[in-house]
Amino acid sequence: MFSLLSNNIYLKLIKLIKLNHFALCLMVFFLFVPTFSQNITSFERGQLKDMLNAVKKAIKDNYYDTTYHGLDLDALGKVTEEKLNKATTGGQGLGIIAQFVMELNDSHTRFYPPDRVTKFEYGWRIQAIGDKCFITAIKPDSDAEKKGLKIGDEVLAIEGFRPTRKELWKINYYYNILSPRTAINFRVLSPGETEPHELNIVTKTTAGKATLDVNDLFRMYEFSQDRDVENKFAKINNTIVWKLPSFIIQPIAISEIMRNYILNKYSNLILDLRDNSGGYVVTLEELASYFVEKDTKIADLKGRIPMPPQMAKTKGDSVFKGRVIVLLNSGSASASEIFARFLQINERGVVVGDRSSGAVMQSRGFPMEMGGDKITRYGMNMTNADVIMTDGNSLERVGVMPQLQVIPTGEDLAKQRDVVLSAALELVDEKVSPEEAGKLFPIKWKD
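When the letters of the sequence shown are read in order and numbered with this note's numbering, they come out as residues 1 to 447.
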(Lines of atoms letter the chains of each structure in order from A and count residues from 1; the text may use other names and numbers.)
(Lines give C-alpha, C1' and ligand atoms only; values in the text may rest on other atoms or scores of the structure.)
Protein backbone atom coordinates (compact mmCIF):
# COMPACT_ATOMS: atom_id res chain seq x y z
CA MET A 1 0.00 0.00 0.00
CA PHE A 2 1.15 3.51 -0.67
CA SER A 3 -0.37 6.91 -0.02
CA LEU A 4 0.40 10.52 -0.83
CA LEU A 5 1.23 13.10 1.79
CA SER A 6 1.19 16.87 1.39
CA ASN A 7 3.22 19.61 3.02
CA ASN A 8 3.06 23.41 3.11
CA ILE A 9 6.36 23.95 4.92
CA TYR A 10 7.82 25.27 1.69
CA LEU A 11 8.62 28.92 2.31
CA LYS A 12 8.18 31.81 -0.08
CA LEU A 13 10.27 31.34 -3.19
CA ILE A 14 12.97 33.98 -3.32
CA LYS A 15 13.53 35.22 -6.84
CA LEU A 16 17.12 34.38 -7.70
CA ILE A 17 18.92 33.44 -10.84
CA LYS A 18 19.15 29.67 -10.98
CA LEU A 19 18.83 28.49 -14.50
CA ASN A 20 18.43 24.92 -15.58
CA HIS A 21 20.17 26.11 -17.88
CA PHE A 22 22.41 27.87 -28.64
CA ALA A 23 24.95 28.22 -30.15
CA LEU A 24 22.46 30.35 -32.10
CA CYS A 25 23.54 33.85 -32.92
CA LEU A 26 21.96 35.71 -30.00
CA MET A 27 21.23 38.91 -31.84
CA VAL A 28 19.02 37.47 -34.57
CA PHE A 29 15.53 37.05 -33.14
CA PHE A 30 15.31 39.48 -30.20
CA LEU A 31 11.76 40.69 -29.52
CA PHE A 32 10.41 43.85 -27.89
CA VAL A 33 12.00 44.96 -24.65
CA PRO A 34 10.65 48.02 -22.81
CA THR A 35 12.99 51.02 -22.59
CA PHE A 36 14.50 50.33 -26.02
CA SER A 37 12.77 51.12 -29.29
CA GLN A 38 12.75 48.79 -32.27
CA ASN A 39 14.62 51.33 -34.37
CA ILE A 40 17.59 52.26 -32.22
CA THR A 41 18.34 55.92 -31.48
CA SER A 42 21.76 57.39 -30.79
CA PHE A 43 20.75 57.88 -27.14
CA GLU A 44 19.76 54.22 -26.82
CA ARG A 45 22.98 53.14 -28.49
CA GLY A 46 24.83 55.11 -25.85
CA GLN A 47 22.79 53.35 -23.15
CA LEU A 48 23.75 49.99 -24.59
CA LYS A 49 27.43 50.90 -24.54
CA ASP A 50 27.13 52.06 -20.93
CA MET A 51 25.46 48.75 -20.13
CA LEU A 52 28.27 46.82 -21.83
CA ASN A 53 30.91 48.74 -19.89
CA ALA A 54 29.10 48.10 -16.60
CA VAL A 55 28.85 44.39 -17.36
CA LYS A 56 32.51 44.19 -18.38
CA LYS A 57 33.60 46.00 -15.19
CA ALA A 58 31.49 43.68 -13.03
CA ILE A 59 33.15 40.66 -14.61
CA LYS A 60 36.66 42.11 -14.28
CA ASP A 61 36.07 42.98 -10.62
CA ASN A 62 34.18 39.91 -9.46
CA TYR A 63 34.54 36.87 -11.72
CA TYR A 64 36.16 33.96 -9.88
CA ASP A 65 38.78 33.28 -12.56
CA THR A 66 41.07 36.29 -12.93
CA THR A 67 42.30 34.93 -16.26
CA TYR A 68 38.69 34.84 -17.54
CA HIS A 69 39.42 31.43 -19.09
CA GLY A 70 42.06 33.06 -21.31
CA LEU A 71 39.75 35.72 -22.73
CA ASP A 72 41.04 39.25 -23.31
CA LEU A 73 38.00 41.12 -21.96
CA ASP A 74 39.19 44.52 -23.19
CA ALA A 75 39.74 43.27 -26.74
CA LEU A 76 36.44 41.39 -26.67
CA GLY A 77 34.77 44.54 -25.34
CA LYS A 78 36.07 46.59 -28.28
CA VAL A 79 34.79 44.02 -30.77
CA THR A 80 31.42 44.00 -28.98
CA GLU A 81 31.23 47.80 -29.04
CA GLU A 82 31.83 47.75 -32.79
CA LYS A 83 28.91 45.35 -33.12
CA LEU A 84 26.77 47.73 -31.06
CA ASN A 85 27.65 50.51 -33.51
CA LYS A 86 26.10 48.40 -36.26
CA ALA A 87 23.04 47.23 -34.30
CA THR A 88 19.76 48.35 -35.86
CA THR A 89 17.44 47.66 -32.89
CA GLY A 90 17.70 47.90 -29.12
CA GLY A 91 16.83 44.25 -28.81
CA GLN A 92 19.65 43.29 -31.14
CA GLY A 93 22.02 45.34 -29.01
CA LEU A 94 20.98 43.55 -25.85
CA GLY A 95 21.61 40.26 -27.60
CA ILE A 96 25.11 41.43 -28.50
CA ILE A 97 25.82 42.20 -24.83
CA ALA A 98 24.49 38.78 -23.86
CA GLN A 99 26.85 37.16 -26.35
CA PHE A 100 29.76 39.06 -24.78
CA VAL A 101 28.98 37.44 -21.41
CA MET A 102 28.39 34.00 -22.95
CA GLU A 103 31.92 33.96 -24.33
CA LEU A 104 32.96 32.90 -20.82
CA ASN A 105 31.07 29.63 -21.43
CA ASP A 106 30.03 29.51 -17.78
CA SER A 107 26.79 27.87 -16.68
CA HIS A 108 26.20 30.39 -13.87
CA THR A 109 27.30 33.65 -15.53
CA ARG A 110 24.50 35.32 -17.47
CA PHE A 111 23.31 38.75 -18.57
CA TYR A 112 19.72 39.71 -17.77
CA PRO A 113 18.20 42.50 -19.88
CA PRO A 114 15.48 44.88 -18.70
CA ASP A 115 12.18 43.13 -18.00
CA ARG A 116 9.40 42.95 -20.58
CA VAL A 117 5.87 44.23 -20.30
CA THR A 118 4.49 41.17 -22.12
CA LYS A 119 4.61 37.84 -20.31
CA PHE A 120 5.05 34.61 -22.28
CA GLU A 121 3.76 31.12 -21.48
CA TYR A 122 4.72 28.32 -23.84
CA GLY A 123 2.53 25.54 -22.44
CA TRP A 124 5.09 22.79 -22.98
CA ARG A 125 8.33 21.55 -21.43
CA ILE A 126 11.40 20.08 -23.06
CA GLN A 127 14.13 18.02 -21.46
CA ALA A 128 17.28 16.17 -22.42
CA ILE A 129 16.94 12.46 -21.68
CA GLY A 130 20.04 10.47 -22.46
CA ASP A 131 21.42 12.08 -25.61
CA LYS A 132 18.05 13.16 -27.04
CA CYS A 133 15.51 15.86 -26.23
CA PHE A 134 11.84 15.12 -25.56
CA ILE A 135 8.62 16.91 -24.74
CA THR A 136 7.94 16.01 -21.12
CA ALA A 137 4.79 18.00 -20.33
CA ILE A 138 1.90 19.70 -22.11
CA LYS A 139 -0.33 22.23 -20.37
CA PRO A 140 -4.06 21.46 -20.72
CA ASP A 141 -5.95 23.75 -23.12
CA SER A 142 -2.71 25.23 -24.44
CA ASP A 143 -2.10 25.70 -28.15
CA ALA A 144 0.48 22.91 -27.86
CA GLU A 145 -2.26 20.49 -26.80
CA LYS A 146 -4.65 21.74 -29.46
CA LYS A 147 -2.05 21.44 -32.22
CA GLY A 148 -1.17 17.86 -31.25
CA LEU A 149 2.22 18.25 -29.59
CA LYS A 150 2.47 15.25 -27.27
CA ILE A 151 4.39 14.12 -24.22
CA GLY A 152 7.05 11.71 -25.43
CA ASP A 153 7.61 13.45 -28.77
CA GLU A 154 11.30 13.53 -29.63
CA VAL A 155 12.26 17.08 -30.60
CA LEU A 156 14.33 16.97 -33.77
CA ALA A 157 14.37 20.72 -34.36
CA ILE A 158 13.23 23.99 -32.77
CA GLU A 159 13.06 26.84 -35.26
CA GLY A 160 15.28 24.78 -37.53
CA PHE A 161 17.96 24.13 -34.90
CA ARG A 162 18.51 20.65 -33.51
CA PRO A 163 18.52 20.69 -29.70
CA THR A 164 21.19 18.64 -27.97
CA ARG A 165 21.86 17.86 -24.34
CA LYS A 166 24.92 20.09 -24.40
CA GLU A 167 23.13 23.10 -25.87
CA LEU A 168 19.67 22.82 -24.31
CA TRP A 169 20.44 25.30 -21.53
CA LYS A 170 21.18 27.90 -24.20
CA ILE A 171 17.75 27.30 -25.71
CA ASN A 172 16.21 27.88 -22.29
CA TYR A 173 18.20 31.08 -21.84
CA TYR A 174 17.55 32.32 -25.34
CA TYR A 175 13.80 31.79 -25.51
CA ASN A 176 13.02 32.79 -21.92
CA ILE A 177 15.46 35.61 -21.28
CA LEU A 178 16.67 37.05 -24.56
CA SER A 179 13.99 36.35 -27.11
CA PRO A 180 10.59 35.00 -26.06
CA ARG A 181 8.65 34.02 -29.17
CA THR A 182 4.98 34.48 -29.96
CA ALA A 183 5.13 31.18 -31.85
CA ILE A 184 7.69 28.38 -32.11
CA ASN A 185 8.06 25.82 -34.88
CA PHE A 186 8.81 22.22 -33.89
CA ARG A 187 9.90 19.21 -35.87
CA VAL A 188 9.08 16.14 -33.80
CA LEU A 189 8.96 12.38 -34.02
CA SER A 190 6.19 10.75 -32.00
CA PRO A 191 6.64 7.34 -30.32
CA GLY A 192 5.80 4.50 -32.69
CA GLU A 193 6.00 6.69 -35.79
CA THR A 194 8.64 6.57 -38.49
CA GLU A 195 8.11 9.97 -40.12
CA PRO A 196 8.60 13.27 -38.27
CA HIS A 197 6.09 16.11 -38.57
CA GLU A 198 6.15 19.86 -38.01
CA LEU A 199 3.97 21.92 -35.68
CA ASN A 200 3.78 25.68 -35.19
CA ILE A 201 2.85 26.30 -31.54
CA VAL A 202 1.47 29.70 -30.57
CA THR A 203 2.64 31.14 -27.26
CA LYS A 204 0.15 32.53 -24.76
CA THR A 205 1.00 36.18 -24.11
CA THR A 206 -0.33 38.35 -21.31
CA ALA A 207 -0.02 42.11 -21.18
CA GLY A 208 1.31 43.48 -17.91
CA LYS A 209 3.43 46.26 -16.55
CA ALA A 210 7.18 46.44 -16.34
CA THR A 211 8.48 45.51 -12.92
CA LEU A 212 10.02 48.16 -10.71
CA ASP A 213 11.51 45.57 -8.37
CA VAL A 214 15.13 44.90 -9.23
CA ASN A 215 14.87 41.48 -7.60
CA ASP A 216 12.46 40.47 -10.35
CA LEU A 217 15.42 40.47 -12.68
CA PHE A 218 16.60 37.40 -10.82
CA ARG A 219 13.82 34.96 -11.53
CA MET A 220 13.94 31.23 -11.99
CA TYR A 221 13.65 31.22 -15.77
CA GLU A 222 13.00 27.83 -17.33
CA PHE A 223 10.74 26.78 -20.16
CA SER A 224 8.40 25.87 -17.29
CA GLN A 225 8.21 29.21 -15.54
CA ASP A 226 5.14 27.85 -13.74
CA ARG A 227 6.86 24.75 -12.40
CA ASP A 228 5.34 23.32 -9.23
CA VAL A 229 7.51 24.22 -6.21
CA GLU A 230 5.73 22.32 -3.43
CA ASN A 231 7.43 19.54 -1.51
CA LYS A 232 5.59 16.25 -1.96
CA PHE A 233 5.80 12.89 -0.25
CA ALA A 234 4.67 9.37 -0.96
CA LYS A 235 4.63 6.63 1.70
CA ILE A 236 5.22 3.08 0.48
CA ASN A 237 5.40 0.68 3.42
CA ASN A 238 8.77 1.38 5.09
CA THR A 239 9.89 3.76 2.36
CA ILE A 240 9.27 7.50 2.08
CA VAL A 241 9.68 9.21 -1.30
CA TRP A 242 10.40 12.93 -0.95
CA LYS A 243 10.12 15.05 -4.08
CA LEU A 244 12.23 18.13 -3.33
CA PRO A 245 11.74 20.59 -6.21
CA SER A 246 14.30 23.22 -5.18
CA PHE A 247 17.00 24.14 -2.69
CA ILE A 248 15.59 27.66 -2.64
CA ILE A 249 14.11 26.90 0.74
CA GLN A 250 15.22 27.94 4.22
CA PRO A 251 17.35 25.41 6.15
CA ILE A 252 14.77 25.35 8.96
CA ALA A 253 12.25 23.89 6.53
CA ILE A 254 14.65 21.04 5.70
CA SER A 255 15.09 20.39 9.40
CA GLU A 256 11.34 20.33 10.03
CA ILE A 257 10.78 17.91 7.16
CA MET A 258 13.53 15.55 8.30
CA ARG A 259 12.42 15.56 11.92
CA ASN A 260 8.65 15.53 11.40
CA TYR A 261 8.29 13.34 8.33
CA ILE A 262 11.31 11.07 8.02
CA LEU A 263 13.54 10.42 11.06
CA ASN A 264 12.59 7.34 13.09
CA LYS A 265 9.61 6.73 10.81
CA TYR A 266 11.03 5.01 7.73
CA SER A 267 13.80 2.58 6.90
CA ASN A 268 14.35 3.91 3.38
CA LEU A 269 14.43 7.38 1.86
CA ILE A 270 14.15 8.06 -1.85
CA LEU A 271 15.00 11.70 -2.48
CA ASP A 272 13.68 12.80 -5.87
CA LEU A 273 15.88 15.66 -7.12
CA ARG A 274 14.84 15.39 -10.75
CA ASP A 275 14.42 18.89 -12.24
CA ASN A 276 15.76 20.44 -9.03
CA SER A 277 18.00 23.21 -10.35
CA GLY A 278 19.66 24.04 -7.03
CA GLY A 279 19.48 26.97 -4.64
CA TYR A 280 21.01 27.96 -1.31
CA VAL A 281 24.35 26.55 -0.12
CA VAL A 282 23.19 26.69 3.51
CA THR A 283 20.21 24.53 2.61
CA LEU A 284 22.45 22.01 0.87
CA GLU A 285 24.66 21.88 3.97
CA GLU A 286 21.66 21.43 6.24
CA LEU A 287 20.33 18.49 4.24
CA ALA A 288 23.74 16.81 3.96
CA SER A 289 24.16 17.06 7.74
CA TYR A 290 21.42 14.47 8.27
CA PHE A 291 23.39 11.76 6.47
CA VAL A 292 26.84 11.76 8.11
CA GLU A 293 27.86 10.64 11.59
CA LYS A 294 30.68 13.15 11.88
CA ASP A 295 31.36 16.60 10.48
CA THR A 296 32.27 16.02 6.85
CA LYS A 297 33.55 18.30 4.12
CA ILE A 298 31.24 18.53 1.12
CA ALA A 299 33.46 20.52 -1.21
CA ASP A 300 36.14 23.20 -1.42
CA LEU A 301 35.47 26.54 -3.09
CA LYS A 302 38.00 27.93 -5.55
CA GLY A 303 37.56 31.66 -5.96
CA ARG A 304 39.49 34.92 -6.02
CA ILE A 305 39.89 34.91 -2.27
CA PRO A 306 40.13 32.07 0.26
CA MET A 307 36.66 30.77 1.08
CA PRO A 308 35.55 28.30 3.75
CA PRO A 309 34.59 24.88 2.41
CA GLN A 310 31.04 23.64 2.22
CA MET A 311 30.49 21.48 5.29
CA ALA A 312 27.98 18.95 6.55
CA LYS A 313 27.90 19.27 10.35
CA THR A 314 26.44 16.07 11.68
CA LYS A 315 23.12 16.05 13.51
CA GLY A 316 24.43 13.42 15.89
CA ASP A 317 21.56 11.30 17.21
CA SER A 318 19.25 12.80 14.59
CA VAL A 319 21.15 11.39 11.61
CA PHE A 320 19.10 9.27 9.19
CA LYS A 321 20.61 5.78 9.26
CA GLY A 322 18.47 3.99 6.70
CA ARG A 323 19.06 3.37 3.02
CA VAL A 324 19.17 6.48 0.80
CA ILE A 325 18.53 6.70 -2.93
CA VAL A 326 18.74 9.94 -4.93
CA LEU A 327 16.99 10.39 -8.27
CA LEU A 328 18.62 12.66 -10.87
CA ASN A 329 17.99 13.74 -14.44
CA SER A 330 19.41 16.31 -16.84
CA GLY A 331 17.40 19.01 -15.05
CA SER A 332 19.18 18.31 -11.75
CA ALA A 333 21.74 21.06 -11.29
CA SER A 334 23.97 22.84 -8.81
CA ALA A 335 23.09 21.90 -5.19
CA SER A 336 21.26 18.78 -6.39
CA GLU A 337 24.36 17.49 -8.12
CA ILE A 338 26.67 18.38 -5.26
CA PHE A 339 24.44 16.60 -2.74
CA ALA A 340 24.17 13.46 -4.89
CA ARG A 341 27.91 13.32 -5.49
CA PHE A 342 28.56 13.92 -1.78
CA LEU A 343 26.53 10.81 -0.94
CA GLN A 344 28.36 8.81 -3.61
CA ILE A 345 31.82 9.83 -2.40
CA ASN A 346 30.96 9.01 1.19
CA GLU A 347 29.28 5.74 0.17
CA ARG A 348 26.12 6.90 1.85
CA GLY A 349 23.64 6.57 -0.98
CA VAL A 350 22.88 5.25 -4.44
CA VAL A 351 22.07 7.58 -7.34
CA VAL A 352 19.53 6.40 -9.91
CA GLY A 353 18.40 7.98 -13.18
CA ASP A 354 20.15 10.05 -15.83
CA ARG A 355 23.38 12.05 -15.74
CA SER A 356 22.87 15.46 -14.16
CA SER A 357 23.37 18.78 -15.90
CA GLY A 358 26.94 19.61 -14.91
CA ALA A 359 26.15 23.17 -13.82
CA VAL A 360 27.52 23.52 -10.31
CA MET A 361 29.40 26.80 -10.00
CA GLN A 362 28.67 28.97 -6.98
CA SER A 363 27.28 32.32 -8.00
CA ARG A 364 25.57 35.52 -6.90
CA GLY A 365 23.35 38.13 -8.48
CA PHE A 366 24.50 41.62 -9.50
CA PRO A 367 21.58 44.04 -9.94
CA MET A 368 22.42 47.07 -12.07
CA GLU A 369 20.62 50.21 -13.20
CA MET A 370 21.12 53.34 -15.22
CA GLY A 371 19.19 56.51 -15.99
CA GLY A 372 17.92 59.54 -14.15
CA ASP A 373 14.20 60.30 -14.14
CA LYS A 374 13.51 56.98 -15.82
CA ILE A 375 15.46 54.09 -14.32
CA THR A 376 16.40 51.11 -16.47
CA ARG A 377 17.12 48.03 -14.40
CA TYR A 378 19.08 45.05 -15.63
CA GLY A 379 21.60 42.68 -14.08
CA MET A 380 23.89 39.69 -14.09
CA ASN A 381 24.37 36.40 -12.38
CA MET A 382 28.06 35.69 -11.91
CA THR A 383 30.19 32.80 -10.75
CA ASN A 384 32.25 33.63 -7.67
CA ALA A 385 33.70 30.14 -7.08
CA ASP A 386 34.23 26.75 -8.64
CA VAL A 387 33.11 23.83 -6.48
CA ILE A 388 35.75 21.12 -6.03
CA MET A 389 34.49 17.87 -4.54
CA THR A 390 36.62 15.94 -2.03
CA ASP A 391 37.77 13.56 -4.75
CA GLY A 392 39.56 16.55 -6.29
CA ASN A 393 37.21 16.95 -9.23
CA SER A 394 34.72 19.59 -10.35
CA LEU A 395 31.30 18.55 -11.63
CA GLU A 396 31.10 21.51 -13.99
CA ARG A 397 30.31 20.31 -17.54
CA VAL A 398 30.62 16.75 -16.22
CA GLY A 399 27.63 16.12 -13.98
CA VAL A 400 26.96 13.16 -11.72
CA MET A 401 26.78 9.71 -13.27
CA PRO A 402 24.26 7.49 -11.44
CA GLN A 403 25.38 4.10 -10.16
CA LEU A 404 22.18 2.79 -11.73
CA GLN A 405 21.48 4.57 -15.01
CA VAL A 406 17.83 4.39 -16.03
CA ILE A 407 16.81 6.26 -19.19
CA PRO A 408 13.08 6.66 -19.98
CA THR A 409 12.01 6.23 -23.58
CA GLY A 410 9.60 8.43 -25.49
CA GLU A 411 6.99 5.72 -25.08
CA ASP A 412 7.58 5.70 -21.31
CA LEU A 413 6.93 9.44 -21.25
CA ALA A 414 3.86 9.17 -23.46
CA LYS A 415 2.32 6.49 -21.24
CA GLN A 416 3.38 8.31 -18.05
CA ARG A 417 5.53 5.42 -16.86
CA ASP A 418 8.09 6.45 -14.24
CA VAL A 419 10.71 3.78 -14.84
CA VAL A 420 13.27 5.65 -12.74
CA LEU A 421 11.23 5.76 -9.54
CA SER A 422 10.07 2.19 -10.09
CA ALA A 423 13.70 1.02 -10.38
CA ALA A 424 14.65 2.93 -7.24
CA LEU A 425 11.81 1.37 -5.28
CA GLU A 426 12.93 -2.07 -6.39
CA LEU A 427 16.35 -1.39 -4.84
CA VAL A 428 14.65 -1.07 -1.45
CA ASP A 429 12.52 -4.17 -2.05
CA GLU A 430 9.32 -2.32 -2.93
CA LYS A 431 7.41 -3.58 -5.95
CA VAL A 432 5.75 -0.65 -7.68
CA SER A 433 5.21 -0.78 -11.42
CA PRO A 434 6.33 2.10 -13.65
CA GLU A 435 2.64 2.82 -14.33
CA GLU A 436 1.87 3.09 -10.61
CA ALA A 437 5.02 5.11 -9.94
CA GLY A 438 4.01 7.52 -12.70
CA LYS A 439 0.83 8.38 -10.79
CA LEU A 440 2.56 9.37 -7.54
CA PHE A 441 3.63 12.86 -8.56
CA PRO A 442 1.46 14.11 -11.43
CA ILE A 443 2.52 17.25 -13.22
CA LYS A 444 0.91 20.40 -11.88
CA TRP A 445 0.67 23.68 -13.74
CA LYS A 446 0.14 27.04 -12.11
CA ASP A 447 -2.60 29.30 -13.42
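The beta carbon of each residue, even a glycine, is placed where N, CA and C say it ideally should be. Just so we're clear, the structure is a prediction, and the values are computed from it rather than from any experiment.
Let me check understanding here. Comparing Cα to Cα, which of the options lies closest to residue i?
i	options	result
G130	E103, V117, T164	T164
D418	I443, R348, R397, S394	I443
E154	I257, A137, S433, R110	A137
V387	T80, G77, N62, Q310	Q310
L269	K235, K446, G331	K235
L189	T409, K57, A423, V432	T409
K313	K294, I325, G331	K294
T206	R181, K232, D275, F120	F120
T118	N85, K204, Y63	K204
I248	L48, N276, S357	N276
E436	N85, T296, L421	L421
V55	T41, L104, F43	L104
R397	S356, I240, Q344	S356
A98	P113, G90, K86	P113
R116	G123, S179, L76	S179
E195	L156, D373, K57	L156
E286	P251, D317, G392, I407	P251
A394	V281, Q362, M382	Contrary to the premise, residue 394 reads as Ser rather than Ala in this sequence. Nearest of V281, Q362, M382 to S394, Cα basis: Q362.
L440	D272, E159, K315, Y122	D272
L48	K83, D65, D74	K83
R162	D61, S142, F134	F134
T80	K265, G353, G70, F100	F100
L343	N329, R323, S330, D354	R323
Q405	E430, V326, G379	V326
N237	M258, I262, K60	I262
G331	I375, Q416, R274	R274
S289	N264, K415, D317, N85	D317
K132	K374, K265, N329	N329
Would you give the residue range spanned by the beta strand (DSSP E) that residue i belongs to?
i	result
T383	376-389
P367	362-370
Y112	110-112
W169	Counting along the chain, W169 falls outside any beta strand (DSSP E), though it belongs to the alpha helix (DSSP H) covering 168-173.
T206	204-207
L156	154-158
Tell me, please, which residues DSSP counts as bridged to residue i.
i	result
V326	L271, V351
M311	K297
H197	V188
L404	V352
G303	A385
R125	A137
Y183	The sequence shown places Ala at residue 183, rather than the Tyr named in the question. Per DSSP, V202.
S394	I388
T118	A207
F161	I158
K150	DSSP output for K150 lists no bridge partner at all.
K132	I129
Throw me the rounded Cβ distance for the residue i and residue j pair, which I believe falls under 8 Å.
i	j	result
A359	A333	4 Å
L413	G152	4 Å
V350	L427	6 Å
A340	G279	Contact doesn't hold; Cβ gap of about 14 Å is too wide.
I171	F186	Incorrect: roughly 12 Å between the Cβ atoms, too far for contact.
F291	R377	Between R377 and F291 the Cβ distance is about 41 Å, and since that is not below 8 Å, they are no contact.
A58	M401	Not confirmed; about 34 Å, so no contact.
S246	V229	6 Å
T390	K297	6 Å
I40	A87	6 Å
I'd like the span of the alpha helix (DSSP H) that includes residue i, first residue to last.
i	result
T80	73-86
E426	419-427
A333	From DSSP, A333 is part of no alpha helix (DSSP H); its letter is neither H nor E.
F43	42-62
Q92	90-102
D65	Looking at the DSSP string, D65 is not in any alpha helix (DSSP H), and its letter there is neither H nor E.
L284	281-288
L413	410-414
E430	Note, E430: premise wrong, no alpha helix (DSSP H); not H, not E.
S255	251-257
Given the structure, does residue i come close to the ligand HEM, in the sense that its CB is under 8 Å from one of the ligand's heavy atoms?
i	result
S356	Ligands displayed in this structure: none; no statement on the ligand HEM is therefore possible.
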